[in-house]
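Using full-length UniProt numbering, the letters of the sequence shown correspond one by one to residues 1 to 205.
Glycine residues also receive a C-beta, built at the ideal position from the N, C-alpha and C atoms.
From a predicted model like this one, the values you see are computed outputs, not experimental measurements.
Before any comments, here is the structure.
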Amino acid sequence: MSRPPAEPTARTGLRELKKQRTRRAIRRAAYRLFGEQGYDATRVDQIAEAAEVSTSTVFRYFPTKEDIVLTDEDDPVLEAALRARPAGEPPLTALREALRETVRTVYASPEWVAEVEQRMRLVRSVPAVRARLDESMAATGDLLAEVLAARTGRSPDELELRVFIGATLGALREVLMHWVARGLRDDLMSLLDRAMDVLEHDLAD
1 MSRPPAEPTA
11 RTGLRELKKQ
21 RTRRAIRRAA
31 YRLFGEQGYD
41 ATRVDQIAEA
51 AEVSTSTVFR
61 YFPTKEDIVL
71 TDEDDPVLEA
81 ALRARPAGEP
91 PLTALREALR
101 ETVRTVYASP
111 EWVAEVEQRM
121 RLVRSVPAVR
131 ARLDESMAAT
141 GDLLAEVLAA
151 RTGRSPDELE
161 LRVFIGATLG
171 ALREVLMHWV
181 ARGLRDDLMS
191 LLDRAMDVLE
201 HDLAD
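See below:
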């Protein structure tokens with residue numbers, strides 16, 4: 001198969017970069033307004049105005065206001081990290097290390113930490129955001145199921161695989177909730193390791 005020409009590839013890369021910048025501008029504007037006037041009082045048209053885009057552009061990138069809170073760039077990082085793990089590695093070890101790599105990559109920036117803090121506070125306090133989180137995590141679970149099914153030879157729909165993924169993602173959510181509830185005082189990586197240890201060893205000391 002012939003290699004595609006460089007120019008369209010470059011244009012595709014520029015388009016994706018522009019989309020990322022637009023998504024981030026909308027999220028930054030939304031978080032600022034949520035902090036100033038509260039989640040329920042903030043309208044999507046106000047977010048659009050603050051981000052200097054149209055309301056239709058906001059909805060093109062985020063179908064609901066809850067999605068502005070919950071949509072991020074974590075999944076591609078997590079997927080790439082998991083695919084890069086050694087083929088013979090046990091699933092829990094591979095997923096633990098992929099999560100560690102994602103935390104190192106995504107939460108290294110103070111801007112991302114501030115967004116995660118506000119996101120998890122909204123998850124705790126706004127029922128609509130909390131409900132939408134379940135749908136968002138289900139999509140992440142589907143992604144992980146495909147990768148782990150390929151690694152293990154199992155079916156993506158196998159109950160045991162889905163339980164394993166659900167437990168791991170649930171652990172990650174609890175880690176982030178605990179971290180935010182304690183004012184970010186704890187080391188996030190240490191909390192993640194503690195959670196993964198529970199999955200590996202149960203509640204044994």
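(request) Could you tell me the distance, in whole angstroms, from the CA atom of PRO86 to the CA atom of PRO63? (result) 37 Å
(message) Taking the alpha carbon of ARG119 as the reference point, which residue from GLU89, LEU92 and ALA181 has its own alpha carbon closest?
(response) ALA181
(request) Taking LEU176 as the reference, give the member of LEU143, ALA30 and VAL113 with the closest Cα. (result) VAL113
(request) Have a look at SER136, LEU95, ALA138 and ALA30 and flag the residue whose alpha-carbon is nearest the alpha-carbon of GLU52. (result) ALA30
(request) Can you grab the Cα-Cα spacing for the pair GLY153 / ASP186, in whole Å? (result) Using only the alpha carbons, I get a separation of about 38 Å.
(request) From the DSSP output, in three-state form, read off TYR39 for me. (result) coil
(message) As a quick exercise: from VAL69, ALA41 and GLY13, pick the residue whose alpha carbon is nearest that of ARG121.
(response) The residue with the shortest Cα to Cα distance from ARG121 is VAL69.
(request) Can you check the region 42-79 for any alpha helix (DSSP H) of at least 4 residues that lies completely inside it and give the ranges in chain order? (result) Complete alpha helix (DSSP H) runs here, min 4: 44-51, 55-61 and 65-70.
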